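So the sequence lines, in the order shown, correspond to chains S and W.
The first sequence: position 220 = 220 (this note's numbering), numbered continuously.
The second sequence: position 348 = 348 (this note's numbering), numbered continuously.
Built from N, CA and C at the ideal position, the CB exists for glycine as well.
For clarity, every value in this text was computed on a predicted model and none was experimentally measured.
Heads up, the thing below is written out as structure tokens.
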Amino acid sequence: MKEIILIKNGELALKGLNRSTFEDVLIKNIRRRLSGLGEFEIKKSQSTITIEPISENVNMQKAVDIISKIFGIAGLSRAAAAQKDMDDILKVAESYLAELLLETKTFKVEAKRADKKFPLKSPEICNEVGGYLLEKFPHLQVDVHNPQLTVNIEIRDKYAYVRGNQLKGAGGMPVGTAGKAALLVSGGIDSPVAGWMMSKRGVCLTAIHFASPPYTSQRAEQKVIELLQKVSEYSGRITMFIVPFTEIQEQIKDNCPEELFTIIMRRFMMRISEKIARQDNCGALITGESLGQVASQTLYAIGCTDAVCNMPTLRPLIGMDKDEIVTISRKIDTFDISIQPYEDCCTVFTPKHPRTRPTLEYVEQAEEKLDIDALEQRAIDGKRFITVG
Amino acid sequence: MECYFDNSATTKVCNLAVKEMYPLLAENYGNPASLHKKGDEAKAALDLARANVARALSCNSDEVYFTSGGTESNNIAVFGAAEALKRRGNRIITTAIEHPSVSEPMERLEKQGFEVVRIPVGTDGKIKESDLFREVNRNTILISIMLVNNEIGSIQPVRTARTAVKRAGSSALIHCDAVQAFGKLFVIPAELGVDMMSVSSHKVHGPKGAGALYIRKGVRIVSPVCGGGQEESIRSGTSPMPAIVGLGAAVTEFKRFDSTIAKMSIMRDNFVKEISQIPSIYINSPPDALPYIINFSVEGIPSEVMRNELSSRGIYVSSGSACSKGHRSKVLTSMRLPNSRIDSAIRVSLSRYTTEEELKFLAENIFDARNKIRHK
């Protein structure tokens with residue numbers, strides 16, 4: 001029996017003349033992500049993409065897991081391909097769905113006849129398949145309104161596909177269709193979630209991480225790599241820039257009022273990130289800020305950090321509560337990594353009583369003692385990069 | 001230059017162990033429980049390793065049981081003794097500064113209804129002998145005391161446990177976690193008056209994955225590990241032969257303890273004298289600690305910052321407490337050190353291969369690192 005994966009596009013279907021460009025990006029993404037599993041034939045027809053393994057012994061469950069994390073897909077299912085005659089369809093339905101049918105009580109059959117040359121009409125196919133399955137699995141009951149299992153029969157040009165319930169896809173838009181943006185990532189809970197959310201809208205990610213050895217350790221950096229690896233299961237490959245930040249933090253600590261430490265530090269991060277982002281052809285920055293979560297994320301503080309940046313800064317978490325963010329981080333499996341206890345650049349030198357309502361004037365004045373350009377340049381010159389995912 | 005000062009975490013495997021392990025992987029790969037020639041050959045290697053460890057502990061071969069390491073030895077000893085003696089009483093005595101492989105089993109036993117008494121330590125990192133005499137009574141079934149503490153190197157008065165047991169007329173078993181002492185001090189279980197003693201291979205220049213539990217002849221415990229009955233049912237599971245043979249080889253490389261200890265003490269004293277010139281430095285290890293472990297705090301510099309800085313210079317030490325977000329060291333807390341000292345604690349642990357020059361280099365770099373890290 002030949003097994004394939006059927007994919008239903010998400011929002012893509014709503015696009016007008018651009019649709020096929022979007023679909024091509026999606027197919028390219030699918031092909032790249034599946035490349036480690038073996039060889040596949042990937043084809044599109046109408047709003048369905050079919051993925052057929054060519055190599056032997058392909059781990060189909062793994063393929064489904066991978067595809068369920070690719071953005072731009074509304075739903076997917078594993079299906080068996082049957083010959084386009086009723087006898088084979090019935091036989092395949094019985095054997096392919098046996099396990100599922102044995103563990104359910106109520107079911108219904110839906111049929112779709114894309115190939116109108118097939119002799120039976122859709123309701124007739126439903127009747128025949130339903131009757132046959134009831135005979136073979138006498139414990140089943142038909143429930144057309146609320147079935148536990150919907151058996152789907154799809155008659156297409158080459159084969160008839162038999163499948164059970166459809167799985168939900170990751171939704172969103174194919175990564176790469178919305179350009180590229182740079183994610184500021186520390187190692188906490190929020191930034192990976194922010195990256196994931198923007199990637200869901202089709203943004204390709206670059207990451208920027210600030211490291212402050214010896215205040216932060218190699219493990220803190222490794223933790224960020226692990227986080228990005230999880231995000232890359234959704235977003236695809238990520239380039240991560242690691243920027244040395246110790247000197248800047250020490251200079252701020254020595255020369256600026258303690259209560260402004262975090263704000264001034266974040267202004268440096270924004271300025272440096274913008275420069276790196278522009279070099280890397282990014283159209284925006286992404287941060288994990290959530291309004292009012294900490295002192296540096298009040299409206300006043302964000303106003304002060306935003307003032308140094310001439311690039312759109314996307315803050316997808318801005319209106320979310322911590323528990324909502326945590327829910328997503330658990331879903332994308334970054335939570336347990338985020339809570340590993342390593343010092344990161346944001347927790348080094350944290351002031352005891354940070355200013356929550358800084359004015360821009362006061363902050364700018366406090367920065368005057370620093371040779372901002374030189375500090376920034378040294379940090380940018382010292383950056384390294386690695387590729388994740 | 002790379003300098004390794006984390007020998008209480010693990011050690012480099014000595015050349016002899018490396019050499020003797022190879023044939024166990026490539027040629028003599030049999031299962032010592034198999035009753036054919038291949039098995040017999042493995043059994044011979046196992047017996048030889050056991051004899052070597054027995055010689056190192058001055059005990060009989062049939063008192064040495066191989067395990068997967070110190071943690072497993074401690075678990076088997078604590079759970080095994082509690083299970084065997086639970087009908088005779090339910091009081092267990094231990095210290096507040098045991099390694100987690102003893103203290104965690106103790107917590108579990110406490111949840112099961114045993115009364116666990118944890119004797120605190122003083123600022124010298126040692127328990128008081130009078131506390132032992134006071135706490136041990138006829139209802140006591142197990143006493144577990146480590147010989148050398150892994151964080152500060154303090155040496156506990158283990159021998160007093162036997163005296164306390166005798167005076168109380170108790171039938172308690174005495175277990176000693178000697179993982180940090182083995183290979184550095186003369187540890188003879190019979191001399192210390194203990195019934196069980198745990199040792200580990202990778203702390204004494206053997207490979208990871210092997211350890212041993214000494215159980216005095218005639219003492220019966222009920223091991224929590226069940227299976228094929230290997231190691232007289234104390235530690236079921238196919239014997240990890242390469243690791244066991246590595247341990248067997250490593251123990252034959254032990255040097256004379258008295259002269260080595262004297263040499264290490266001089267090195268330790270010189271090093272301590274050197275770093276004592278740093279302002280706001282405190283030596284947390286007591287002066288009579290095992291000279292292989294030196295715990296100190298450079299107040300004002302968090303442990304992990306000093307550790308990271310030294311690491312970037314190719315010098316490897318251990319931080320007393322994992323991280324500001326992590327938990328504080330139980331041992332240092334039990335010694336009632338102020339938090340500022342606990343949070344800046346560094347552990348330097350030596351091996352018999354450590355040289356005078358390396359320690360000089362370390363002291364210089366601590367000076368230098370401290371000057372570089374002016375913050376926090």
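{"query": "What is the rounded straight-line gap between the Cα of Leu16 of chain W and the Cα of Ala250 of chain W?", "result": "7 Å"}
{"query": "Using beta carbons (cut-off 8 Å, strictly below), is Pro214 of chain S in contact with chain W?", "result": "yes"}
{"query": "Kindly confirm or deny that the stretch 80–100 of chain S and the stretch 117–135 of chain S touch, where touching means at least three C-beta pairs closer than 8 Å.", "result": "yes"}
{"query": "Who are Val109 of chain S's beta bridge partners in DSSP?", "result": "S:Val151"}
{"query": "Taking only beta carbons into account, state which residues of the stretch 315–347 of chain S come closer than 8 Å to chain W, listed in chain order.", "result": "Pro341, Tyr342, Glu343, Thr347"}
{"query": "Whole alpha helix (DSSP H) runs in the stretch 79–150 of chain S with 4 or more residues, listed along the chain?", "result": "86–96, 98–102, 122–136"}
{"query": "So for Ser349 of chain W, helix, strand or coil by DSSP?", "result": "strand"}
{"query": "Is it true that the stretch 294–307 of chain W meets the stretch 161–171 of chain W, where meeting means three or more beta-carbon pairs spaced less than 8 Å apart?", "result": "no"}
{"query": "Please list the residues of the stretch 217–242 of chain S that have a C-beta atom closer than 8 Å to any C-beta atom in chain W, keeping them in chain order.", "result": "Ser217, Gln218"}
{"query": "List, in chain order, every chain S residue whose beta-carbon is nearer than 7 Å to that of Glu304 of chain W.", "result": "Ser217, Glu343"}
{"query": "So Asn284 of chain W contacts chain S; which residues on that side make the cut at Cβ distance below 7 Å?", "result": "Per Cβ cutoff of 7 Å: no residues; Asn284 of chain W is ~21 Å from chain S at best."}
{"query": "Taking Cβ positions only, does Glu309 of chain W come closer than 8 Å to chain S?", "result": "yes"}
{"query": "Leaving aside the five residues before and after Lys105 of chain S along the sequence, list all residues of the same chain whose C-beta is less than 8 Å from its C-beta, in chain order.", "result": "His139, Leu140, Gln141, Gln148"}
{"query": "Kindly list the residues whose CB is nearer than 6 Å to the CB of Val148 of chain W, restricted to its own chain and excluding five residues on each side of it in sequence; keep chain order.", "result": "Ile155, Gln180, Ala181, Leu290"}
{"query": "Report the residue from S:Ala74, S:Ile208, S:Lys69 whose alpha carbon sits nearest the alpha carbon of Val243 of chain S.", "result": "S:Ile208"}
{"query": "Can you tell me which of S:Lys8, S:Thr216, S:Ser55 puts its alpha carbon nearest to the alpha carbon of Asn308 of chain W?", "result": "S:Thr216"}
{"query": "Measuring straight from C-alpha to C-alpha, what distance separates Lys203 of chain W and Ser8 of chain W?", "result": "6 Å"}
{"query": "May I have a chain-ordered list of the beta strand (DSSP E) segments no shorter than 3 residues that lie completely inside the stretch 254–302 of chain W?", "result": "281–283, 293–298"}
{"query": "Between which residues of its own chain and Asn152 of chain S is the CB-CB distance below 6 Å, once the five residues before and five after are set aside?", "result": "Glu110, Arg163"}
{"query": "Between the Cα of Ile283 of chain W and the Cα atoms of W:Glu358, W:Gly246, W:Met335, which residue gives the shortest distance?", "result": "W:Met335"}
{"query": "Residues in the same chain with beta-carbon distance under 7 Å from Gly38 of chain S, minus the five sequence neighbours each way, listed in chain order, please.", "result": "Pro53, Ser55, Val58"}
{"query": "Which residue marks the beginning of the beta strand (DSSP E) containing Gln208 of chain S, and which one marks its end?", "result": "The question names Gln, yet the displayed sequence has Ile at residue 208 of chain S. From DSSP, the beta strand (DSSP E) with Ile208 of chain S extends over 204–211."}
{"query": "Going by beta-carbon coordinates alone, are Gly70 of chain W and Ser101 of chain W separated by less than 8 Å?", "result": "yes"}
{"query": "Between Ser340 of chain W and chain S, is there a C-beta pair that is closer than 8 Å?", "result": "no"}
{"query": "Using 10 angstroms around the beta-carbon of Gly72 of chain S, count the other beta-carbons present and answer buried if the total reaches 16, otherwise exposed.", "result": "buried"}
{"query": "Drop a sphere of 10 angstroms on the beta-carbon of Leu299 of chain S, count the other beta-carbons inside from all chains shown, and report buried for 16 or more, exposed for fewer.", "result": "exposed"}
{"query": "If we call anything under 8 Å between Cβ atoms a contact, is Thr287 of chain S one with Arg315 of chain S?", "result": "yes"}
{"query": "Which two residues bound the contiguous beta strand (DSSP E) that contains Asn9 of chain S?", "result": "2–9"}
{"query": "In whole angstroms, give me the CA-to-CA distance for Lys37 of chain W and Tyr22 of chain W.", "result": "19 Å"}
{"query": "Looking at C-alpha atoms only, which residue of W:Glu20, W:Ser73, W:Asn150 is the closest neighbour of Val348 of chain W?", "result": "W:Asn150"}
{"query": "For Ile93 of chain W and Ile119 of chain W, which I take to be in contact (beta-carbon distance under 8 Å), what is that distance rounded to the nearest angstrom?", "result": "7 Å"}
{"query": "So, at 7 Å on beta carbons, what are the nonlocal neighbours of Phe245 of chain S in its own chain, with the 5 sequence-adjacent residues on each side left out?", "result": "Phe210, Ala211, Ser212, Cys345, Ala379"}
{"query": "Mind checking which residues open and close the beta strand (DSSP E) that includes Cys176 of chain W?", "result": "173–177"}
{"query": "Residues of chain S with CB under 7 Å from Pro366 of chain W, in chain order?", "result": "It should be pointed out that residue 366 of chain W corresponds to Ile in this sequence rather than to Pro. In chain order: nothing, as chain S lies at least about 13 Å away."}
{"query": "Where do the N-terminal and C-terminal ends of the beta strand (DSSP E) with Ile51 of chain S fall, by residue?", "result": "48–53"}
{"query": "Using a Cβ-Cβ cut-off of less than 8 Å, give me the residues of the stretch 266–291 of chain W that come near chain S, in sequence order.", "result": "none"}
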